[in-house]
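Those letters in the sequence shown? Residues 5 to 136, by the numbering used here. C-beta: ideal position from N, C-alpha, C; glycine also.
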Amino acid sequence: MFSIMLTYSIQAIVILLIIFELLRKNRKKIGWGSLSLLLSLLGMAVSFEFGNYILGDQLLSFLGLPTWSNSVDNTRFHYTIFLSSIFFIPSLIIGYKNPKEFGATIGKRISSIYLFLIIISLLFFIISILHN
5 MFSIMLTYSI QAIVILLIIF ELLRKNRKKI GWGSLSLLLS LLGMAVSFEF GNYILGDQLL
65 SFLGLPTWSN SVDNTRFHYT IFLSSIFFIP SLIIGYKNPK EFGATIGKRI SSIYLFLIII
125 SLLFFIISIL HN
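Here you go:
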């Protein structure tokens, strides 16, 4: 357990150092568009599994909400996908409205990719339910 926490801590420190270095070399201004990058990173953090820990599951449990849907013909849906969409959709909108600010373009791209994958997975889930 300690080695896993140490690994994630080192990764977080390295990511922060890279971000600070990018900010230091930044020629673009930091503004509302920069929020796009932050929101997309939060959306990813909510949906990723860190060992046996998923931040989105913990947030949903804290709010008293279930993390998985009920079984319907052996199909279940993970509600964390909706929680991550709460971060990705505003990130995409902010990135499109403020494209010249630091982080807006990459935040917009990350959010676009994840929202596309979420939509595809929702379509497959709906098709699997209708097929059964």
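Asked: Proximity below 8 Å, CB of residue 41 to CB of residue 111; Found: yes
Asked: CA-to-CA distance, residue 72 to residue 123, given in whole angstroms; Found: 18 Å
Asked: For residue 98 and residue 46, believed in contact at Cβ under 8 Å, the rounded distance; Found: In fact, because the Cβ distance is near 12 Å, the residues do not count as touching under 8 Å.
Asked: Reduced DSSP secondary structure (H/G/I, E/B, other) of residue 58; Found: strand
Asked: Start-end ranges of the alpha helix (DSSP H) lying completely within the segment 25 to 51, minimum 4 residues; Found: 38 to 51
Asked: Any 3 or more C-beta pairs closer than 8 Å across the segment 48 to 63 and the segment 77 to 94; Found: yes
Asked: Pairwise C-alpha distance: residue 87 and residue 39; Found: 18 Å
Asked: For residue 129 and residue 107, the rounded distance between their alpha carbons; Found: 32 Å
Asked: Residue range of the unbroken alpha helix (DSSP H) whose run includes residue 73; Found: Residue 73 -> no alpha helix (DSSP H), and no H or E assigned at all.
Asked: Limits of the unbroken alpha helix (DSSP H) element including residue 135; Found: 108 to 135
Asked: Nearest-angstrom Cα separation, counted from residue 134 out to residue 16; Found: 42 Å
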